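This report concerns only the one structure given below.
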Amino acid sequence: MRGILLKMAALVFAACSGLAAATAFAGPGRLDGPLTMIVGYAPGGASDRAARIIAQELQSNLGIFITIENRTGAGGRVAADYVKATPAKNVVLLSNPAVMVAAPLVYKKLAYDPRADFKAVSMVAQYQFGVAVASDSPIKNLAGLVDWARAHPDEFKLSVPATGSLSHFVGLMLADKIGVKAGIVGHRDPALPMADLIDHSVPFAVDTLDMQVAQHLNKKIRILATSGTEREPQLSAIPTFTQAGVKLEALGWNAFFAPASMPNAEVRMLGKAIMEVVSTPSVQKTLRENGLIPVVADAAKTEQLIDAFRQRWEPVIRSSGFVVDK
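Have a look at this one:
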């Protein structure tokens, strides 16, 4: 009997502990229910990976349920439209420069205003880009790509995860640096740029490095150069663009945004909680293993980083001449 009573007491204690964890974050400046993270891209991409890595630890820390919804389409804009319009306050968007910086410059008819309709919560990661070819391509390095593109300007095509994405503009920047025009092949599925290379339907691809590393290490593709200021640790033999003779540097980022309707106290609380998660060594290790560079930033710092990014990239995007009327 005593053993049964002890087991019952343990169960009651566990239940109460769980309840305390769940309710400890209710009230002013607290989340009083489950949290939904909206990702505008299919599972497997940089944004989706970052969301899932953060959500796993954040759910435990806050004592609330966190679900991730992938609302794909229109280069991430479908997800932004949804978060702007949703009445639920416990919804956040994990987004990137394509949605929050490039879209207002590219799309004349945009249903949201990144500054008016959203509040920055926390930037969590940055990432590099890479240009790659199929593993059996005769092009072995960036110099080979430059020579080939100049010799075959009408055939120089780049596969990217989506038109209007930062990969798209990195590709256009690369083409501009080497003095040719690039045909851009955009997709909705983040896996397709790599598939284009492997089946030889497109000769080159520009994508976030996290999508390329595994295929490179498995000898399915060959990365020719990366866009960071220094070499990616997992790819120590691969030079940066600048090291390979083309002066080009570019980093993307992933950050959480709340709808403008979320109270500032909740935004600050959630940002602080996410910062604590990203500061954890195990989370930083997992992010790096997924090709992501950890960033610890609260809402104010995130706004500063995005503003600096906007100032750098707006001239690049405008000079590309890429505009969509619809």
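Reading the sequence shown from the start, the letters are residues -26 to -1, 1 to 300 in mature numbering (1 follows the signal peptide of the UniProt record, and there is no 0).
Every residue, glycine too, gets a C-beta built ideally from N, C-alpha and C.
Computed from a predicted structure; not experimentally measured.
DSSP links THR182 through a beta bridge to PHE103. Judged by their CB atoms, ASP184 and TYR56 are not nearer to each other than the 7 Å cut-off.
About 5 Å separates the CB atoms of ASN44 and VAL13; that is less than 8 Å, so the two are in contact. Taking a 10 Å sphere around the C-beta of HIS161, we find 16 or more other C-beta atoms and assign the residue as buried.
When DSSP assignments are scanned along the region 164 to 215, the uninterrupted stretches of alpha helix (DSSP H) that are 4 or more residues long and fall wholly within it turn out to be 166 to 172 and 183 to 191. By the neighbour-count criterion, in which a residue is buried when 16 or more other Cβ atoms sit within 10 angstroms of its Cβ, LYS83 is exposed. With a 10 Å radius around the Cβ and a threshold of 16 neighbouring Cβ atoms, SER210 comes out exposed.
Per DSSP, VAL159 lies in no alpha helix (DSSP H) segment; the continuous beta strand (DSSP E) that holds it begins and ends at 157 to 159. Here GLU31 carries a helix assignment [DSSP, helix/strand/coil]. Of all C-beta pairs linking the region 168 to 183 to the region 243 to 260, fewer than three are shorter than 8 Å, placing the two stretches out of contact. By the CB criterion at 7 Å, ALA136 and GLY49 fall inside the cutoff. The C-beta of GLU129 has fewer than 16 other C-beta atoms within 10 Å across all chains shown, which makes the residue exposed. The alpha carbon of ASP6 has as its nearest neighbour, out of PRO237, LEU266, ASP299 and ILE291, the alpha carbon of PRO237. Short of 8 Å from the beta carbon of PRO268, and not among the five residues preceding or following it, lie these beta carbons of its own chain, in chain order: VAL98, ALA99, VAL252, VAL257, GLN258, LEU261 and ARG262. Under the three-state reduction of DSSP, PHE231 is assigned to strand.
CA-to-CA, the gap between GLU31 and ILE152 works out to about 44 Å.
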